[in-house]
Amino acid sequence: MKDYIFSNDFSKNLDAMIYTCGYETCAPSHSYGPIVRSGYLIHYILGGKGIYKTDGKIYSLSEGDAFLIRPNTLIYYEADKYHP
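Numbers -11 to 72, taken from my numbering, label the letters of the sequence shown in order.
Here's what the structure looks like:
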């Protein structure tokens, strides 16, 4: 499946709004962070394995799992080397 990203350029001040949604196939050992995001971000794992680090904890992730990135929180995530 092809990677897909949709971005919303709305600048209205609403209580809740989707800015971006998409689909990505990660390469082995693909990582993101450490970084602090300004908004909430939800990831859902369609397949493969990986880890998510936040608040001094490491979470193992696999198909069917989801994780929430909260604003103003240092995070890091990485796809598995053998089963991204």
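The beta carbon of each residue, even a glycine, is placed where N, CA and C say it ideally should be.
Its chain contains L62, Y64 as the residues whose beta carbon lies nearer than 6 Å to that of P22, once the 5 sequence neighbours on both sides are disregarded; these appear in chain order. With respect to the 9 Å criterion, A54 and H31 are classified as neighbours on the basis of their beta carbons.
For G38, the enclosing beta strand (DSSP E) stretches over residues 37 to 42. Here H71 carries a coil assignment [DSSP, helix/strand/coil].
The residues P59, in chain order, have a CB closer than 6 Å to that of G27 in the same chain once the five nearest residues on each side in sequence are set aside. Leaving aside the five residues that flank E12 on each side, the residues in its chain whose CB is nearer than 6 Å to its CB run, in chain order, D(-9).
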